[in-house]
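This report refers to the structure that appears directly beneath it.
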Ligand SMILES: [Zn+2]
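Below you can see the structure in the form of C-alpha cells.
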C-alpha cells in the first residue's frame with residue numbers, strides 16, 4: 026500500500042531502483058528514470074545513497090560510438106555474503122554466495138547424529154566458521170536461510186514436524202539466534218527449491234510446480250506468483266496421494282501412497298535387489314548405457330507410476346511450468362518425453378515439463394536467493410543461473 030508517508034515512499038523508491046539495477050546488470054541513471062517512471066532528481070538522490078552504502082558501483086560503458094561514455098550502475102556483489110543451508114537427513118549442505126547468488130564456497134557435511142540438540146550445536150559451530158571464512162567485505166555475512174525437510178509453523182520461526190528426524194515443535198530459529206546474531210530464516214526445502222527455479226530460470230512464470238523426487242516425493246507450489254503453504258503448512262505432500270487402493274503399507278498410516286511406487290529410493294532398492302549389491306548413481310548410469318534390460322524395465326515401471334501422479338497434479342493446478350528434480354530422471358535418456366507420452370488426457374493442461382538444472386543444489390540455492398532478497402529488501406529478484 027502506498028501511503029503519503031515520506032519515509033515509506035523513499036524506501037519504496039529505493040527498493041524498486043535497486044531491483045531494476047539487479048535485473049539489468051548495468052544501467053544508466055537516465056534509463057532507470059525511464060523504466061521506473063521516477064524523475065531524475067529522485068533517481069540521483071537514491072543512487073547517491075546506494076553508492077555510499079557500497080551496495081552499487083559506477084562503471085563507464087565500454088565499446089560505445091562517439092560522444093561521452095555513459096556511466097552505468099551495477100550491484101556490488103561483493104558488498105556482503107549470504108549463507109544457504111540445506112538441513113537434510115544425515116547431511117547438511119552449505120553454500121556461501123555473493124549478493125548475485127554466485128557460490129563462493131559449497132560443502133556437504135555428513136551428520137553422525139540425529140539428535141536435535143547436537144545438530145543445533147553443530148549448526149552454530151559451522152555457521153560461525155562460515156562467518157570467519159567469509160571474504161572481506163563491507164557487510165560480511167548478512168543473512169542465513171535454512172531449508173528444512175519438513176513442515177514449518179505459520180510463524181515461520183519453528184518446526185512443526187520433520188518426519189525423518191521425528192522432530193516436532195522445535196523452536197529452531199530461537200535456538201540458533203541465541204548464539205548467532207545474523208538474521209536467520211527457516212523455510213521448507215521444496216518451497217526454497219521452487220523459489221530457486223523461479224529466481225534463476227523461470228522468472229516470467231507465476232504458476233510453477235517443483236516436484237522433488239528423492240527418498241520421498243514433495244513439492245513446492247507457486248500459484249499466481251505466491252508459494253502455497255496450506256492451513257498448517259503441509260501443502261505439497263504429494264508423496265502421500267493414494268494411487269493404489271489397498272496398495273503397499275505406508276508409514277503415514279495409509280496404503281498405496283505414491284512415493285511407495287515412484288520415489289528414487291524405491292527404484293534404487295529394486296535395482297539393488299536385482300544386482301545383489303549396493304549401487305551408486307554412476308552404476309545405474311552404466312546399466313542404462315549397457316541397455317541392461319531388467320534395469321530398463323524398473324525405470325519403465327517407475328516412470329509409469331510417476332506419470333499417474335503428475336497427471337493428477339496437473340489436473341489440480343494447471344501449471345505453466347512443471348519442474349522435476351530427480352537425479353535418476355536426469356541420467357535416464359528422454360525421461361521427460363516418456364512421461365509426456367503417458368499424459369494422454371485431453372482434459373489435463375500444462376505449459377511444459379522440464380528437468381531441474383539445479384539438481385540437489387536447488388534447496389541451498391533457493392536459500393541463498395531468499396537471503397539476498399531479505400538483505401537487499403527488494404520486491405522481486407531475478408538472478409543469472411549459478412555455476413555449480
Ligand atoms: Zn503415506
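Residue numbers (the working numbering): 26 to 413.
For glycine and all other residues, C-beta sits at the position ideal for the given N, C-alpha and C.
A quick note: this is a predicted structure, and the numbers were derived from the prediction, not measured.
Range covered by the alpha helix (DSSP H) that runs through residue i
i           : result
residue 109 : That residue, residue 109, is in no alpha helix (DSSP H); its beta strand (DSSP E) goes 106 to 113.
residue 168 : Counting along the chain, residue 168 falls outside any alpha helix (DSSP H), though it belongs to the beta strand (DSSP E) covering 166 to 173.
residue 202 : 197 to 202
residue 74  : 65 to 77
residue 101 : Residue 101 -> no alpha helix (DSSP H), and no H or E assigned at all.
residue 57  : 54 to 61
residue 236 : Premise fails: residue 236 lies in the beta strand (DSSP E), 233 to 238, not in any alpha helix (DSSP H).
residue 136 : Careful: residue 136 lies outside any alpha helix (DSSP H) and carries neither H nor E.
residue 40  : 31 to 49
Range of the contiguous beta strand (DSSP E) that encloses residue i
i           : result
residue 423 : Absent from the model: residue 423. The displayed extent of the chain is 26 to 413, so no value can be given.
residue 269 : First-last for residue 269: undefined, no H or E at that position.
residue 155 : From DSSP, residue 155 is part of no beta strand (DSSP E) but of the alpha helix (DSSP H) over 141 to 158.
residue 185 : 184 to 187
residue 244 : 242 to 248
residue 348 : 346 to 350
residue 212 : 209 to 213
residue 124 : Here residue 124 belongs to no beta strand (DSSP E), and DSSP marks it neither H nor E.
Per-residue burial, residue i [other beta carbons within 10 Å of its own, 16 or more giving buried]
i           : result
residue 370 : exposed
residue 388 : buried
residue 214 : buried
residue 62  : exposed
residue 305 : exposed
residue 26  : With a pLDDT of only 48 at residue 26, under 50, the local geometry of the prediction cannot be trusted, and the value read off the model is given with reservation. When all chains shown are included, residue 26 counts as exposed.
residue 193 : exposed
residue 46  : buried
residue 39  : buried
residue 372 : exposed
residue 113 : buried
residue 102 : buried
residue 398 : buried
residue 277 : exposed
residue 322 : exposed
residue 120 : buried
residue 303 : exposed
residue 284 : buried
residue 157 : exposed
residue 94  : exposed
residue 44  : buried
residue 411 : buried
residue 31  : exposed
residue 133 : exposed
residue 143 : exposed
Distance cut-off 7 Å: residue i Cβ against heavy atoms of ligand 1
i           : result
residue 279 : yes
residue 275 : yes
residue 265 : yes
residue 159 : no
residue 282 : yes
Nearest-angstrom beta carbon gap, residue j and residue i [assumed within contact, 8 Å]
i           : j           : result
residue 117 : residue 123 : Contact flag wrong, Cβ pair sits at about 21 Å.
residue 13  : residue 234 : As shown, the chain starts at 26 and ends at 413. That puts residue 13 outside it, with no answer to give.
residue 261 : residue 282 : Between residue 282 and residue 261 the Cβ distance is about 14 Å, and since that is not below 8 Å, they are no contact.
residue 221 : residue 406 : Rounded, the Cβ-Cβ distance is 11 Å, inconsistent with contact.
residue 163 : residue 104 : 5 Å
residue 168 : residue 208 : 5 Å
residue 149 : residue 211 : About 14 Å separates the two Cβ atoms, so there is no contact after all.
residue 291 : residue 357 : Contact doesn't hold; Cβ gap of about 15 Å is too wide.
residue 258 : residue 176 : 5 Å
residue 97  : residue 81  : Contact flag wrong, Cβ pair sits at about 10 Å.
residue 71  : residue 42  : 5 Å
residue 106 : residue 159 : 5 Å
Residue i beta carbon near ligand 2 (any heavy atom closer than 7 Å)
i           : result
residue 264 : The ligand content of the structure shown is limited to ligand 1, which means ligand 2 is not among them.
| said: Going residue by residue through the region 367 to 401, where are the continuous alpha helix (DSSP H) segments of at least 4 residues, counting only ones entirely within it? | reply: 387 to 401
| query | Can you give, in chain order, each stretch of the beta strand (DSSP E) that sits fully within the region 280 to 336 and has at least 3 residues? | reply | none
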